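A.B. asks: This is the structure I have questions about; it appears just below.
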Amino acid sequence: MAAAAGVVAALAAAGCAGSQKTGGAPLWSATQDDSLPVLTLEASPGNDVALPGDGWAMRDGFIQLQLAGASIPGQKIERVTEEGGTLTVALEETDGPTTMDLALTEWRLEVREGSADAIERVVVDHGGGDVRELERCE
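If you read the sequence shown in this note's numbering, its first letter stands for residue 15, the second for the next number, and so on.
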């Protein structure tokens with residue numbers, strides 16, 4: 015029975031990781047998508063540079079979220095919730111070993127009902143009271 019529960023939990027985490035429905039809020043899903051390009055910023059007119067940290071961008075029907083962090087254990091999304099025009103992304107907290115490198119991870123945040131167009135802000139909750147609003151890229 016415990017093994018079956020573990021398999022069900024693993025499948026739920028893999029298929030629906032990062033999604034939650036609260037009250038009347040839409041259900042959001044978060045999927046790591048390595049095919050998405052790194053986010054960029056305009057450093058000067060006509061000169062775009064890669065964003066070296068966390069940020070987000072509105073795409074056609076979804077939100078691209080870029081997270082920066084150690085490659086081990088990596089950034090994992092626990093849940094995504096929406097309130098008003100703010101999307102809150104809660105990350106899984108880890109307490110194991112961490113590498114000292116910087117890895118960029120691209121995520122596709124999609125709403126299952128409604129539209130992502132109403133989102134004006136994205137904040138990331140790193141746990142322990144560490145909540146940060148992210149820069150929006152175009």
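Glycine included, each C-beta is placed from N, C-alpha and C at the ideal position. All of these numbers come straight from a predicted model, not from anything done at the bench.
Does the distance between the C-beta of Trp42 and the nearest non-hydrogen atom of the ligand NAP fall short of 6 angstroms?
C.D. replies: Questions concerning the ligand NAP fall outside what the structure shown contains, since it holds no ligand whatsoever.
A.B. asks: Report yes or no: do the stretch 89–104 and the stretch 55–62 share at least 3 C-beta pairs separated by less than 8 angstroms?
C.D. replies: With the cut-off at 8 angstroms, the stretch 89–104 and the stretch 55–62 do not touch.
A.B. asks: What does DSSP give as the partner residues of Arg126 in its beta bridges?
C.D. replies: Reading the sequence shown from its first residue, position 112 is the one you call residue 126. Answer is none; Arg126 lacks a bridge partner.
A.B. asks: Would you check if the distance between the CB atom of Ala1 and the CB atom of Leu123 is smaller than 7 angstroms?
C.D. replies: Nothing in the structure corresponds to residue 1, since the chain is present only between 15 and 152.
A.B. asks: Taking the alpha carbon of Leu116 as the point to measure from, which residue in Trp42, Asp144, Gly67 has its own alpha carbon closest?
C.D. replies: Taking the first residue of the sequence shown as 1, we reach residue 116 at position 102. Closest option to Leu116, Cα to Cα, is Gly67.
A.B. asks: Please name the residue, chosen from Asp48, Glu134, Arg93, that lies closest to Gln80 on a Cα-to-Cα basis.
C.D. replies: Within the sequence shown, numbered from 1, the residue matching residue 80 stands at position 66. Closest option to Gln80, Cα to Cα, is Asp48.
A.B. asks: Using the beta-carbon count (16 or more within 10 Å), is Arg93 buried or exposed?
C.D. replies: On the sequence shown, residue 93 is found 79 positions in, with the first residue counted as 1. The residue in question, Arg93, is buried, as its Cβ has 16 or more Cβ neighbours within 10 Å.
A.B. asks: Which one or two residues does DSSP pair with Ile77 in a beta bridge?
C.D. replies: Residue mapping note: residue 77 aligns to position 63 of the sequence shown, counting from 1. Ile77 pairs with Met72, Leu123.
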